[in-house]
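Under this note's numbering, think of the first position of the sequence shown as 11, with each following residue one higher. What follows is a single structure, written as structure tokens, with notes after it.
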Amino acid sequence: MIQFNNVSKTYPNGTIGLRNINLTIEEGELVVIVGSSGAGKSTLLRSINRLHDITDGEIQVDGKSITRANDRELRRMRRDIGMIFQSFNLIKRNTVLNNVLSGRVAYHSTLRTMFGMFPREDIELSLHALERVNIREKAYIRADQLSGGQQQRVSIARALAQEAKIILADEPVASLDPLTTRQVMDDLQRINQDMKITTIINLHFIDLAREYATRIIGLRAGEVVFDGPPEEATDEV
Ligand code: ADP
Ligand code: ADP
Numbered sequence: 011m012i013q014f015n016n017v018s019k020t021y022p023n024g025t026i027g028l029r030n031i032n033l034t035i036e037e038g039e040l041v042v043i044v045g046s047s048g049a050g051k052s053t054l055l056r057s058i059n060r061l062h063d064i065t066d067g068e069i070q071v072d073g074k075s076i077t078r079a080n081d082r083e084l085r086r087m088r089r090d091i092g093m094i095f096q097s098f099n100l101i102k103r104n105t106v107l108n109n110v111l112s113g114r115v116a117y118h119s120t121l122r123t124m125f126g127m128f129p130r131e132d133i134e135l136s137l138h139a140l141e142r143v144n145i146r147e148k149a150y151i152r153a154d155q156l157s158g159g160q161q162q163r164v165s166i167a168r169a170l171a172q173e174a175k176i177i178l179a180d181e182p183v184a185s186l187d188p189l190t191t192r193q194v195m196d197d198l199q200r201i202n203q204d205m206k207i208t209t210i211i212n213l214h215f216i217d218l219a220r221e222y223a224t225r226i227i228g229l230r231a232g233e234v235v236f237d238g239p240p241e242e243a244t245d246e247v
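This is the structure:
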């Protein structure tokens, strides 16, 4: 599903983000990437949907090179990839439903979505996505009225409405309390299992990784220092 071939990323200021990464992630895996701050987790995740360009090597998604994709191909490929951030990235003043509907923009013309003219099916799909993360009843509330955990579930629903085949979650629980953290991780795990969505999650904490991952990848200074099943991951990975 996702393949890294000799991928390196050096930032314009010379900082090394990733060093010669080779990885294959199969469809349906729930991969957790662990590593301390600065290890390269974000850099790796952002490389997959080309939020930034890598400086060496190639990344393939679903058998196609995203590294070499032209603008049109890139837009098409990004449709399959849902992104979840630590800070939720919702439009605060919009309703929950409108935020989820924004996952549909890649399927329509800019003009249509600019005026919020989404077809009926999109609204149904979005409400159904909200149901999957148990916040259907919040659909018509402003996004900034929700708790952090609820907002993160809205961003998961947005990825579902997008009909993403891959979910990339960059520290999705870093700003949440322990209880909410579990709810959000449970949602991500359930969606991964029920819908076979390939899921990659960056986390700070190895304990949480061990509990949810089907595979753990440890990064340190831009290199893979561990890649294996959760039961083999020690505290040092
Ligand atoms: P993590 O997500 O594991 O905390 P990052 O991928 O954010 O790690 O960072 C990896 C390395 O790249 C760090 O040394 C970080 O300071 C550096 N880095 C990240 N973003 C940039 C940037 N935009 N410009 C320069 N260096 C960066
Ligand atoms: P996180 O810890 O959530 O990965 P950071 O605080 O490391 O985020 O980075 C926040 C922003 O600053 C990101 O856009 C990242 O690319 C950028 N950044 C991180 N490290 C550096 C750096 N050394 N030089 C320039 N920009 C950086």
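Positions of the beta carbon are idealized from the N, C-alpha and C atoms, including for glycine. Nothing here was measured: the structure is a model prediction, and the numbers come from that model.
**Request:** Please work out which residues of its chain come closer than 8 angstroms, Cβ to Cβ, to V194, disregarding the five sequence neighbours upstream and downstream, and give them in chain order.
**Result:** G159, Q162, R163, I166, P182, V183, L186
**Request:** Using alpha carbons as the reference points, say which of T105, R29, D180 lies closest to A153.
**Result:** T105
**Item:** Distance, R220 Cα to E241 Cα
**Value:** 7 angstroms
**Asked** Around ligand 1, which residues pass a check of Cβ closer than 6 angstroms to any of its heavy atoms?
**Response** Y21, N23, T25, G27, G45, S47, G48, A49, G50, K51, S52, T53
**Message:** Let me check you understand the geometry: is the CB of N16 closer than 7 angstroms to at least one non-hydrogen atom of ligand 3?
**Reply:** Questions concerning ligand 3 fall outside what the structure shown contains, since the ligands it does hold are ligand 1 and ligand 2.
**Item:** Inter-residue spacing [alpha-carbon to alpha-carbon] between E131 and K74
**Value:** 29 angstroms
**Asked** Three or more C-beta pairs closer than 8 angstroms, one from the segment 225–233 and one from the segment 15–34: is that the case here?
**Response** yes
**Request:** Please report the residue range of the beta strand (DSSP E) in which G92 lies.
**Result:** 91–95
**Asked** Would I94 be called buried (16 or more neighbouring beta carbons within 10 Å of its own) or exposed?
**Response** buried
**Request:** Take every Cβ of the segment 196–215, pair it with every Cβ of the segment 38–56, and state whether three or more of those distances are shorter than 8 angstroms.
**Result:** yes
**Request:** Let me know the secondary structure DSSP gives S112 once reduced to three states.
**Result:** helix
**Prompt:** Between I176 and I207, is the Cβ-Cβ spacing less than 8 angstroms?
**Reply:** yes
**Message:** Between S157, V143, K51, which has its C-alpha nearest G228's C-alpha?
**Reply:** K51
**Request:** Assign F98 to one of two classes, buried (16 or more other C-beta atoms within 10 Å of its C-beta) or exposed (fewer than that).
**Result:** buried
**Prompt:** Buried or exposed: where does Y222 fall if 16 or more other Cβ atoms within 10 Å of its Cβ makes it buried?
**Reply:** buried
**Item:** C-beta atoms of L178 and I210 nearer than 8 angstroms
**Value:** yes
**Validate contact between the segment 55–65 and the segment 81–94 using beta carbons, cut 8 angstroms, 3 pairs** = yes
**Asked** Tell me which same chain residues have a C-beta within less than 7 angstroms of the C-beta of R2, skipping the five on either side of it?
**Response** Summary: the structure shown does not reach residue 2, with the chain confined to residues 11 through 247, and so no result is reported for it.
**Item:** Cβ-based burial, L198 [other Cβ within 10 Å; buried from 16]
**Value:** buried
**Prompt:** Since V44 and V247 are thought to touch, with beta carbons under 8 angstroms apart, how far apart are those beta carbons, to the nearest angstrom?
**Reply:** 6 angstroms
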